[in-house]
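Here is the structure we will look at.
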Amino acid sequence: MLARLTIFGLLSAWGQANIIKATTGQIQDVPLPDNFLIGAAVSAFQTEGWWNKGGKSESMVDHVLHTGHLGAIAYKNANDSDNAADSYHRFKEDIAIAKKLKLQVYRFSISWSRVLPEGDVAKPNMEGVQYYHDLIGEILKQGLIPFATVYHFDHPQVLEDQFRGWQSREMIQKFRDYARFVFNEFSSKVQLWATINEPNGMCAYFGTLLITAGLVQADNYDTYKCMHHITLAHAEAYRAFKEDKLTGRVGVNTWIITAKPNTTSIEDSFAAEVFNQLQAGSILHPIVFGDYPELVKTFTGHLRPEFTPAEKEMMRGATDFISLNIYAGGNVAYRDPDSTPETLPFSGGAVIVEKMTHGADFISFRFADGQGRRTENYPSYNVAPEVMHSSLLWTWQRYKLPIMVAENGISLKKGMDEKLRTAYYSAYLRSVVSVVNDFKVNVMGYIVWSLIDTFEWSNGYDAKYGIAAVDYESGSLNRSLKSPPDFWLQIAEKRVIPFVEVPQSSSSPSLYRLVTTKALWLAILLYVKQVV
């Protein structure tokens, strides 16, 4: 284990130096790898609207938000999701934006509650099915590649009423049936699939919302049980796809917060690796190797259900690629588990992290700012491309499967300098290329979150991730590009990443701190000692 930890530190340090070079000294354009895909994403619940029309039923997310009792985790406008961007009627406008930017991939999700409003494959809503045929048809007509997510949080509320959703094993078969229906309906047009968006985040975040809304009791919701069932559901859906001999590639979109150790101590390095395995490895490891990582079993095995031998065999190799949603980085220090329990500053991000690391009380986690330092707040506006670098490298070293960056983006408030958004894309794309070139990591492509401004869960419409704005204030919902399309057009036409400097007016640090010489030598000595 020490060997793996220390070699990861060595490679990360090397990569950080290259990123520094890419964001400062090298102001020339950086060529994209061959066959590298560029795209943008939306999701059904966050953009479609039309929540109870066209045959759609109330989803679990609709139900939680309609209670209006989300408490401190929710922000202004968080319950006003019913209309969203009205992409149910205006999807052609959205696709036209992607076409104008000359993007290659259009990632979207299919609403379970729109296609199977009763959660029953024997009772499909054909109006909803036709909507997605029309959507996919328009994507193809405009020369884009459709990348479909089968499930992005919005299962029918009836499944919660019947058996409490992902808290029950019944949900595994329900999802397999739903996914099989969707695969067979659309696979002739879609060749790139993700079964589930952020299964780790979904279980932690929406479990918290259900509790906060008063819909379930805290002692009656188990995040690890949800993650266990949802991982099995992905694998079952993957096997159904293969059994039906359909063509295409299938993965699962995993949210990853790669944490670095706060110091060069062995204790901090160990705590950081345990965090990474709990946060992302608990999803990725089972679908590649068939079981939880040893560190996960050691520290939280007593809190999780166990996979049966048959389930382990079924899960092993149950993905064609690894799909990652990459935003913020983390910083982890080791703490004495017998000391006074640590209380994180309250925020949605902090709550989610606590749920995903429950049982490993020696982990002291903070989000990392643009220079890798511990911060009390979610780093919304940082340009810290090392986050991309370390996430890709950590994943590649462990799983050696092709990687798709399925989401990456920055939320800027209205009035902030939009050049910062373009500088962010430039820096993070350069980070991807540095990993591909320096370590031969197989990265399939990069998908921006998001194409248009969307309903951003607890942040409502205040979080602006879109390349294009949506006029929610006036209610017109008109779309408009926030910046000239030149950056994306250069990528498409010249296959290079233009250099964009971070605006001087921005408070966002553009560089991530380098590992010190002392840390490098410590890593070398530990690695040599372990090998010998």
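Numbered according to mature numbering (1 follows the signal peptide of the UniProt record, and there is no 0), the sequence shown spans residues -17 to -1, 1 to 515. Using N, Cα and C, we set each Cβ at its ideal position, and we do this for glycine too. Only a predicted model underlies this, so the values are computations on that prediction, with no experimental measurement involved.
Residues that residue i bridges to, as DSSP identifies them
| i | result |
| --- | --- |
| G313 | A242, F350 |
| E390 | N308 |
| T358 | F350 |
| N66 | Its beta-bridge partners do not exist; DSSP assigns none. |
| N236 | N180, S306 |
| S42 | P139 |
| V479 | P14 |
The beta strand (DSSP E) enclosing residue i, as first and last residue numbers
| i | result |
| --- | --- |
| I21 | 20 to 24 |
| V453 | 451 to 453 |
| F91 | 88 to 92 |
Inter-residue CB distance, residue i and residue j (contact presumed, cutoff 8 Å)
| i | j | result |
| --- | --- | --- |
| T416 | L375 | It should be pointed out that residue 416 corresponds to Val in this sequence rather than to Thr. In fact, because the Cβ distance is near 11 Å, the residues do not count as touching under 8 Å. |
| S96 | P139 | 4 Å |
| R222 | M297 | 6 Å |
| V370 | F348 | Contact flag wrong, Cβ pair sits at about 15 Å. |
| P107 | F166 | Going by Cβ atoms, the distance from P107 to F166 rounds to 14 Å, so no, they are not a contact pair. |
| M210 | F136 | Not really, about 14 Å apart at Cβ, beyond 8 Å. |
| V141 | S40 | 7 Å |
| S170 | T230 | 7 Å |
| K208 | A475 | Not confirmed; about 45 Å, so no contact. |
| T50 | A201 | Not a contact, Cβ separation roughly 16 Å. |
| G428 | V388 | 7 Å |
| L175 | F224 | With a Cβ gap of about 12 Å, L175 and F224 do not count as contacting. |
| L384 | T302 | 7 Å |
| R299 | F272 | 6 Å |
| E401 | S441 | Incorrect: roughly 24 Å between the Cβ atoms, too far for contact. |
| I194 | Y204 | 6 Å |
| E143 | M43 | 5 Å |
Sub-8 Å separation of residue i and residue j beta-carbons
| i | j | result |
| --- | --- | --- |
| W238 | E294 | no |
| D122 | L215 | The sequence shown places Ile at residue 122, not Asp. The answer is no: Cβ separation not under 8 Å. |
| T30 | A67 | yes |
| K157 | G102 | yes |
| I386 | I305 | yes |
| R462 | I435 | yes |
| Q262 | L278 | no |
| A162 | N236 | no |
| A410 | G313 | no |
| G355 | N365 | no |
| A81 | Y89 | yes |
| S394 | Y448 | yes |
| G342 | L286 | yes |
| D45 | W34 | yes |
| F74 | L118 | yes |
| F345 | R318 | yes |
| A27 | S433 | no |
| I179 | Y115 | no |
| I309 | N360 | no |
| P14 | R478 | yes |
| A187 | T206 | yes |
| R404 | P368 | no |
| D104 | D160 | Note on residue identity: the sequence assigns Val, not Asp, to residue 104. Yes, they are a contact pair. |
| residue 517 | Q87 | Within the shown structure, residues of the chain are numbered from -17 to 515, placing residue 517 beyond reach of any answer. |
| Q473 | P481 | yes |
| R357 | N245 | yes |
Opening and closing residue of the alpha helix (DSSP H) in which residue i lies
| i | result |
| --- | --- |
| S70 | 70 to 83 |
| I265 | Per the sequence shown, the amino acid found at residue 265 is Ser instead of Ile. Taken as a continuous stretch (DSSP letters only), the alpha helix (DSSP H) holding S265 covers 265 to 272. |
| S463 | Counting along the chain, S463 falls outside any alpha helix (DSSP H), though it belongs to the beta strand (DSSP E) covering 462 to 464. |
| T30 | 27 to 30 |
| R318 | Where R318 is concerned, there is no enclosing alpha helix (DSSP H), given that its DSSP letter is neither H nor E. |
| L15 | Note, L15: premise wrong, no alpha helix (DSSP H); not H, not E. |
| P468 | Premise fails: P468 is in no alpha helix (DSSP H) and is neither H nor E. |
| S252 | 249 to 259 |
| H217 | 206 to 226 |
| V98 | 95 to 98 |
| A293 | 292 to 298 |
| K36 | Counting along the chain, K36 falls outside any alpha helix (DSSP H), and DSSP gives it neither H nor E. |
| F282 | 277 to 283 |
My parser needs the alpha helix (DSSP H) runs of 4 or more residues fully inside the stretch 378 to 458; what are they?
402 to 422
At what residue ranges does the stretch 116 to 202 contain a whole run of the alpha helix (DSSP H), taking only runs of 4 or more?
140 to 146, 153 to 169, 182 to 195
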